[in-house]
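What follows is a short report on a single structure.
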DNA sequence: GCTTGACCTTGTCGCAGCGTCAACGTTTCT
DNA sequence: AGAAACGTTGACGCTGCGACAAGGTCAAGC
């Protein structure tokens with residue numbers, strides 16, 4: 001038999017047979033005078049076993065192991081392990097499909113899919129075209145994807161703030177500072193009002209230490225032009241101060 | 001932000017971030033004087049969206065598509081397609097696990113897993129140490145894995161032959177011819193008795209044409225030493241003759 | 001005898017999504 | 001000042017072959 005014949009007989013491609021030779025899974029048969037590989041029925045039987053095992057789902061390495069110690073014992077182990085692996089994959093797929101089902105249900109935001117916690121928060125926030133609000137939403141989305149899962153509590157704690165209609169005016173006052181200098185007189189009062197609007201529940205979620213020391217806080221500040229940055233820094237300082245007072249009282 | 005910071009913030013590895021740069025998924029940020037990449041919050045937000053999408057199961061190409069036209073419309077299509085794909089995978093896994101369950105149930109043969117049809121046949125065949133019988137089983141296993149699924153009917157048709165206790169004696173007479181010449185006088189009578197033992201049901205499954213013309217028949221013959229080959233060839237010819245007589249009658 | 005087409009040969013690249021060196025420069029802590 | 005922990009580019013590795021390149025071989029038809 002030549003390679004095309006044995007491949008067709010067993011139901012694999014010639015390329016696969018050569019691949020099995022290359023990785024030492026199937027021994028190279030003798031050659032004819034013209035250099036063609038000359039296969040025997042033994043080879044075909046072995047190749048057929050390889051095909052059966054790969055069809056079940058074994059990797060070529062596992063096939064090699066199973067063929068190596070030709071007791072049937074190892075096969076049992078490998079199959080059991082494979083079944084466990086498939087069961088795990090099945091669970092993973094089901095979980096992902098559940099996530100997908102939720103996402104397909106919800107209206108699609110332009111920021112891509114969000115966690116349910118954040119989606120709920122944004123749902124309750126009023127519609128606005130304020131750039132500062134948009135930036136805030138981006139920052140929340142970033143925190144959402146940060147992966148540590150700590151965002152959920154924060155989002156829940158922010159719910160009263162989102163429902164507070166006075167926040168819109170504060171956002172507009174922040175927008176007005178986009179081109180202002182760091183010494184603008186509007187900074188101090190706006191920061192005070194913003195800090196006052198933050199509900200106490202949020203304080204419990206704020207991480208310890210100076211806010212600008214953590215990478216996240218510093219990076220957020222860098223995202224703002226000078227006057228806005230001054231406002232945000234003051235708000236963060238004020239909140240940190242409230243955390244300290246609360247911790248000692 | 002430097003690369004390690006943005007990676008930790010979003011929850012991916014630095015290597016992944018560089019990979020996204022390499023494939024053009026995430027634009028390269030400006031560099032600091034020392035050559036380090038300097039990331040902004042914009043980059044982090046974009047990277048976070050990438051992470052959310054890949055976590056859902058999108059390929060990087062699909063992520064690129066979704067980010068490209070930033071309507072939410074394409075995302076819906078991609079997600080639906082992804083869900084369909086996952087559903088398909090889930091079915092495949094379930095089917096393979098069912099196959100596995102059958103295999104784990106049955107006693108493990110040294111020839112590896114067999115189709116249920118062949119396993120049933122070999123279950124009903126008497127135990128023997130005859131080399132010819134072993135070779136026969138190998139050939140059947142080969143046919144079993146040949147993949148065209150045509151083996152199942154043949155195996156069912158062979159059931160009476162397997163249960164025929166006289167077959168053992170015939171196998172032994174075939175074994176005795178292992179070293180014999182092609183002109184041995186025992187060839188003709190053995191071939192006749194073997195052919196007679198083959199039940200009529202088998203004839204319906206034998207493929208048309210001269211048996212030695214098909215690759216499989218010729219190859220099987222080559223697997224035998226001369227005298228045994230002569231026997232097998234005569235049996236095949238005899239069966240072909242019976243097929244013809246049956247077809248015309 | 002010559003061409004055509006269907007085989008065969010070895011060797012290499014490609015695929016998805018990074019992990020993991022290598023070999024080297026920068027920053028930072030002690 | 002030295003070490004540890006960052007950063008840089010570049011390249012190979014993993015799975016299981018498919019696809020191509022650049023030929024050599026063989027049977028059949030003209």
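Protein chains in written order, with UniProt numbering: chain A, 1 to 249; chain B, 1 to 249.
Just so it is clear, CB atoms sit at the ideal spot from N, CA and C, and this is done for glycine as well.
Check the DSSP bridge columns for residue 37/B and list the partner residues they point to. 31/B
What do you reckon, are the CB atoms on residue 163/B and residue 124/B nearer than 7 Å? yes
Please report whether the beta-carbon of residue 11/B lies at a distance below 7 Å from any beta-carbon of chain A. yes
My understanding is that residue 106/B touches residue 119/B, with C-beta atoms under 8 Å, so please give their C-beta distance in whole angstroms. 6 Å
Just checking, does the segment 59-68 of chain B make contact with the segment 57-66 of chain A on the three C-beta pairs under 8 Å criterion? no
Going straight from the alpha carbon of residue 20/B to that of residue 218/B, what length do you get? 56 Å
Can a CB atom of chain A be found closer than 7 Å to the CB of residue 206/B? no
I want to check one thing, is the minimum distance from the CB of residue 41/A to the heavy atoms of the ligand SAM below 6 Å? By its list of ligands, the structure shown contains no ligand whatsoever, and the ligand SAM lies outside what it can speak to.
How many angstroms separate the CA atom of residue 155/B from the CA atom of residue 84/A? 32 Å
What is the DSSP secondary structure of residue 212/A, counted as helix, strand or coil? Interpretation of residue 212/A is limited by its pLDDT of 48, a score under 50 that renders its predicted location unreliable; the figure taken from the coordinates is listed afterwards. Reduced to three states, the DSSP call for residue 212/A is coil.
What is the C-beta distance between residue 230/A and residue 182/A, in whole angstroms, given that I count them as a contact (C-beta under 8 Å)? 5 Å
Inter-stretch contact (C-beta, 8 Å, three-pair minimum) for the segment 161-180 of chain A and the segment 196-205 of chain A: yes
Is it true that the CB of residue 203/B sits closer than 7 Å to the CB of residue 242/B? yes
For the alpha helix (DSSP H) containing residue 84/B, name the first residue and the last one. 73-105
What number of angstroms, rounded off, separates the C-alpha of residue 8/A from the C-alpha of residue 17/B? 45 Å
For the segment 133-152 of chain B and the segment 36-56 of chain A, state whether three or more C-beta atom pairs, one from each stretch, are separated by less than 8 Å. yes
Would you call the CB atoms of residue 178/A and residue 225/A closer than 7 Å? yes
Determine the contact status of residue 48/B and residue 102/B, defining contact as a CB-CB distance below 7 Å. no
Which bits of chain B does residue 129/A rub up against, with CB to CB less than 8 Å? Correct list: empty, because the minimum Cβ distance to chain B is about 17 Å.
For a contact meaning CB atoms closer than 9 Å, what does residue 225/A contact in chain B? Those do not exist, as residue 225/A stays about 13 Å from chain B at its closest Cβ, beyond 9 Å.
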